[in-house]
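First residue of the sequence shown: -8, per the numbering used here; consecutive thereafter.
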Amino acid sequence: MKRVLITGAAGFIGSHLCDKFIGEGYHVIGMDNLLTGNLRNIEHLFPNPNFEFYHHDVSKFVHVPGELDYILHFASPASPIDYLKMPIQTLKVGSLGTHNLLGLAKAKKARILVASTSEVYGDPLVHPQTEEYWGNVNPVGPRGVYDEAKRFQEAITMAYHTFHGVETRIIRIFNTYGPRMRLDDGRVLPAFIGQALRGEDLTAFGDGSQTRSFCYVSDLVDGIYKLLMSDYAQPVNVGNPDEITINQFGEEILKLTGAKSKLIYKPLPIDDPKQRRPDISKAKAILGWEPKVNRAEGLKLTLSYFQSLIN
Ligand code: UDP
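Here it is as structure tokens:
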């Protein structure tokens, strides 16, 4: 049985990865310090003998007994509100945490995939974003703690690949949504759905003309799995290129929920990217991957999850 370590296992994406690898017949070792993760997301796996859980902060030395075939590093605060509240932990998990896990991968001769982000492109001046674009990041702005940690993560991952010959994979994840997102993580989707369900007005930041492109979590997980199994060590964008403005997105949520609320406007956070859409030509060509779940379908599934939380 192949053994995989998943960090951030109790988080939104990490917990879906645990399900995926259990389903594919792996022995899964989940690790999380529960800073932003929640055991509720993985408690259904605890009775499974092929699942183990370590409550540990990967910014400290990581010890895992036995062999490891794969490591997936998904531990990090990942919503703008979270990394504003936890700037030092965010910097540490992306830098020290990644260093520890690369060391573990080297010692175990395991292949490691690290979760990078569209935030490496900052407030992008090239649109849509291709992997060749180097980005437009403010290192000392509020988002710098996340963006620069992830940029360092990519650099050290590539250095372990070229200098130590570790098998590495880098995925650049664009906005992703689905069940197990936190209703209070401050991101636009849980914020809008939560507000609509409570009959409150939806808070669009700025004038709502900024764009995002939302990928349903099952598509992302599929892309992660395909990249891990590929032999491609350069970064690959994974996301859904279907781009909309925050205003349009708010209207969709109002229609979907049937809420009588309206959009209201709040100040735009500092360095909030004006536009974001992945160029997924590489994922298509190298992994044979593209998203399958459209927003209408994905939003319905996500809404049912949030309704079950609230009721
Ligand atoms: N946003 C918004 N209202 C909210 C939360 C977010 O208008 O209540 C906007 C935010 O300013 C950004 C976009 O929605 O332009 C996506 O924000 P999110 O926090 O989901 O993630 P980001 O893509 O900025 O990392």
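Cβ atoms here follow ideal geometry from the backbone N, Cα and C, with glycine treated the same way.
Would DSSP call residue i helix, strand or coil?
i, result
"V307", "With the chain covering -8 to 302 only, the question about residue 307 has no answer from this structure."
"M220", "helix"
"K51", "coil"
"P71", "helix"
"A195", "strand"
"I255", "strand"
"Y137", "helix"
"Y168", "strand"
"N91", "helix"
"N32", "helix"
"P264", "coil"
"D176", "coil"
"G16", "coil"
"E281", "coil"
"P56", "coil"
By alpha-carbon positions, which one of the options ends up nearest to residue i?
i, options, result
"I277", "G(-1), L219, Q201 and E139", "L219"
"M172", "S6, T(-2) and G190", "S6"
"P232", "P282, L95, E123 and V19", "P282"
"L63", "A106, F297, E34 and P71", "A106"
"D192", "L174, I244, S209 and F165", "I244"
"M77", "Q186, G197, R178 and R134", "R134"
"G177", "A195, K246 and S209", "A195"
"G2", "G241, A150, M22 and A287", "M22"
"I103", "H155, P71 and D114", "H155"
"F240", "A274, P269 and D198", "D198"
"T27", "S221, D175, G230 and Y256", "D175"
"K265", "A96, G16 and Y112", "Y112"
"A0", "A150, Q144, A274 and N32", "N32"
"I(-3)", "L75, P71 and A96", "A96"
"V49", "P40, S86 and E15", "S86"
"N39", "N24, E242 and I20", "I20"
"I4", "F37, E158 and F165", "F165"
"D73", "L25, R267, G88 and H18", "L25"
Which partner residues does residue i have in the DSSP bridge list?
i, result
"T(-2)", "M22 and H64"
"L112", "Per the sequence presented here, residue 112 reads as Tyr, with Leu not at that position. Answer is none; Y112 lacks a bridge partner."
"R203", "I235"
"H46", "D23"
"N228", "R163"
"S107", "R163"
"R102", "Y61"
"P269", "Q120"
"Y296", "Paired residue(s): none; Y296 is not in a bridge."
"N41", "According to DSSP, N41 bridges with nothing at all."
"N127", "G113"
Is any heavy atom in the ligand FAD found nearer than 6 Å to the beta carbon of residue i?
i, result
"T194", "In terms of ligand content, the structure shown lacks the ligand FAD and carries the ligand UDP instead."
Handout entry: Three or more C-beta pairs below 8 Å linking the stretch 203 to 221 and the stretch 231 to 249
Key = yes
Problem - Stretch pair the stretch 205 to 217 + the stretch 7 to 15: three plus CB contacts closer than 8 Å - result: yes
Handout entry: Given 8 Å, three or more beta-carbon pairs between the stretch 253 to 267 and the stretch 129 to 143
Key = They touch, by the three-pair rule.
Handout entry: At least three beta-carbon pairs within less than 8 Å, the stretch 284 to 298 to the stretch 137 to 156
Key = no
Problem - Segment contact, 8 Å Cβ cut-off, at least three pairs: the stretch 44 to 63 with the stretch 107 to 122 - result: no
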